[in-house]
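Numbering (the UniProt record's numbering), first residue to last: 1 to 127.
Yeah, the Cβ is synthetic: ideal placement off N, Cα and C, and Gly gets one too.
Keep in mind the model is a prediction, meaning the values are calculated, not measured.
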Amino acid sequence: MKKLIVLFVLTLSLYSCEAQQKKGVERVAPAEFAKEMAADKGQVVDVRTPKEFKSGHIAGAVNIHLYDADFGQRIDKLDKKKTVYVYCKAGGRSAEAVESLKSKGFQHIVELDGGTDAWTDAGKPLE
């Protein structure tokens, strides 16, 4: 019985640590994206063009255009251990960015499903 209790406590503590440090890639709807961003205060990356970014972006986002020559160098400056929230206009470029982020060793990536189109359709603000 004692061994069973110890095993239960170890399992519970491992599960708890895992829950705190998510890994992998998530593709989420605007409501979940906003909720996770607010709770986590992670790194928010807009991979659209600078012109698109200036026309309206999610609060707190930095613009790292996917097709700029220095894209890889700029994402290398982000913290690979922190969650990266990534989006574009409709989802195509952010999917490409997710692949780049994964290949560079980022541990937790959250992609906005549908991009800013879905974000604004859900009534979420751009600044």
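Looking only at C-alpha atoms, which of the options sits nearest to residue i?
i: Tyr-67; options: Lys-80, Lys-41, Gly-60, Ala-95; result: Ala-95
i: Glu-52; options: Asp-40, Ala-90, Ser-100, Asp-113; result: Ala-90
i: residue 157; options: Gln-107, Cys-88, Phe-106; result: Because residue 157 is not part of the residues shown, which for the chain are 1 to 127, the question remains open.
i: Asp-79; options: Gly-114, Val-45, Thr-120, Ala-118; result: Val-45
i: Gly-60; options: Phe-106, Met-37, Thr-116; result: Met-37
i: Gly-105; options: Asp-76, Lys-54, Thr-49; result: Asp-76
i: Phe-33; options: Arg-74, Ile-58, Phe-71; result: Ile-58
i: Val-47; options: Thr-120, Lys-35, Asp-40, Ala-69; result: Ala-69
CB-CB under 6 Å to residue i, same chain, minus the five flanking residues each way: which ones, in chain order?
i: Gln-21; result: Any reading at Gln-21 must be qualified, since the residue scores a pLDDT of 48, below 50, and its modelled position is unreliable; the value itself is stated next. Within the same chain, Gln-21 has no close Cβ partners at all.
i: Ser-100; result: none
i: Gly-56; result: Leu-126
i: Tyr-85; result: Met-37, Gly-42, Val-44, Val-110
What are the partner residues of residue i, as DSSP defines its beta bridges?
i: Ile-109; result: Val-25, Val-84
Return helix, strand or coil for residue i, following the three-state DSSP convention.
i: Val-62; result: strand
i: Val-44; result: strand
i: Ser-55; result: coil
i: Glu-127; result: coil
i: residue 133; result: Nothing about residue 133 can be reported from this structure: the residues present for the chain run from 1 to 127 only.
i: Lys-35; result: helix
i: Val-6; result: Low per-residue confidence applies at Val-6: pLDDT is 38, beneath 50, and the placement is therefore not dependable enough to give any value.
Under 8 Å by Cβ, that's how I've got residue i and residue j pegged, so tell me the actual separation to the nearest angstrom.
i: Gly-42; j: Lys-82; result: 5 Å
i: Gln-107; j: Lys-54; result: Not a contact, Cβ separation roughly 31 Å.
For residue i, which residues from the same chain have a beta carbon less than 7 Å from its beta carbon, with the 5 sequence-adjacent residues on both sides left out?
i: Val-25; result: Val-98, Lys-102, Ile-109, Glu-111
i: Asp-117; result: Lys-89, Ala-90
CB-CB under 8 Å to residue i, same chain, minus the five flanking residues each way: which ones, in chain order?
i: Ala-122; result: Ala-29, Pro-30, Ala-31
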